[in-house]
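Data first, discussion second: the structure below is written as structure tokens.
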Amino acid sequence: MNPEQLLQEVQEIFRDNFDDETIVLTRQTNAEDIEDWDSLEQINLLTAIEKKYGLKFNLADVRGLQDVGDLLDLVVRLTA
Amino acid sequence: MNAYTMAHLTVGQTESFTTTVTEEKMAQFYAITGDNSPIHMSEEAAKKRGHAGRVVYGMLGASLFSTLAGVYLPGATCLLHSVEAKFVKPVYIGDVLTVAGTVQEVNETFSTITIKAVITNQNGTKVTRGVIKAGVEK
């Protein structure tokens, strides 16, 4: 999957989830950068990503995620 | 009271209950929230706006989603995460409401479920729709 395309698609998921069209993601974006990105929203984001890409995360997959880059790498790994 | 754990929840599972909106419940809701908007408090004001009578607080109806999740589906195992409610038609005092929920998604990894909820009145008219997300004990 094209990394830039994936970033754009995940950014769209973030925008939908937070209802905020101004969100611009980079690989370094983390929960400190988006005010409402808390543990509850983390679940909503991950389940939306599961749906989008037909994935099924397990807890080991998602426990260590630190930023958007980690998330993108996980999606790439599971869709490879 | 139900207490479905994750192992006992499947997509399509449904639960429902019925309750009547009374003057007393309206008064109690006002006492809790302080919402004294005329459409809820005054028969005359409500009729001026084309309603059959005082309009029941939309959030009073939506509060029944708390009961649906906390008592029926999944019940005592529930930790409410979010409720999205849409107030489709007005509810009036004396209406008999049936609150029904259907499990739409089950996520084992995060121990969460999504419930599609609907409230219908005694005429079968859909008055409120909702999407409930909840954590569930394993």
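For the record, the sequence lines run as chains A and B. Just so you know, the working numbering puts 340 at position 68 of the first sequence, and the rest follows in order with no gaps. Just so you know, the working numbering puts 41 at position 36 of the second sequence, and the rest follows in order with no gaps. Glycine included, every Cβ here is placed at the ideal spot set by N, Cα and C. Since the structure is predicted, the reported quantities are computational estimates derived from the model, not experimental observations.
His45(B) counts as buried, since no fewer than 16 other beta carbons sit within 10 angstroms of its beta carbon.
Just measuring C-alpha positions, the residue of Val296(A), Leu337(A), Asn274(A), Arg287(A) sitting nearest Ser311(A) is Leu337(A).
Residues of chain B whose Cβ lies closer than 7 Å to the Cβ of Ile315(A) are, in chain order, Phe115, Thr117.
Between Gly55(B) and Ala90(B), the CB-CB gap reaches or exceeds 7 Å.
Put simply, the CB of Phe290(A) is far from chain B, with every gap to its CB atoms at 7 Å or more. Collapsing the DSSP output to three states places Phe329(A) in coil. Gln314(A) is not a Cβ neighbour of Leu297(A), given a cutoff of 7 Å.
The three-state reading of DSSP puts Glu113(B) in coil, since its state is none of H, G, I, E or B. With respect to chain B, the C-beta atom of Phe286(A) has no partner C-beta closer than 7 Å. For Thr319(A), the C-beta contacts it makes with chain B under 8 Å involve Glu110, Asn112, Phe115, Thr117, in order along the chain. Within chain B, the residues whose beta carbon sits less than 7 Å from that of Leu312(A) are His86, listed in sequence order. When Cβ-Cβ separations below 7 Å define contact, Leu331(A) makes contact with chain B. In this structure, the alpha-carbon of Thr114(B) lies about 16 Å from that of His86(B). Taking the Cα of Ala139(B) as reference, the smallest distance to any Cα among Ile124(B), Lys131(B), Val111(B) is reached at Val111(B).
With 16 or more other Cβ atoms from the protein chains shown falling within 10 Å of its own Cβ, Pro79(B) counts as buried.
The count of Cβ pairs closer than 8 Å, one atom from the stretch 338-345 of chain A and one from the stretch 292-307 of chain A, reaches three, so the stretches are in contact.
Each residue's CA atom was taken as its position, placing Phe34(B) and Thr25(B) some 14 Å apart. Leu65(B) carries a helical assignment under DSSP once its states are collapsed to helix, strand and coil. Cβ neighbours of Thr82(B) within its own chain (closer than 7 Å, five residues either side excluded): Ala8, Tyr9, Thr10, Val141, Glu142. The stretch 58-74 of chain B makes no contact with the stretch 320-337 of chain A: fewer than 3 CB pairs, one atom from each, lie closer than 8 Å.
Straight-line spacing of the CA atoms in Ala332(A) and Thr319(A) works out to 15 Å.
In the DSSP assignment, Glu20(B) falls within the beta strand (DSSP E) that extends over 19-25.
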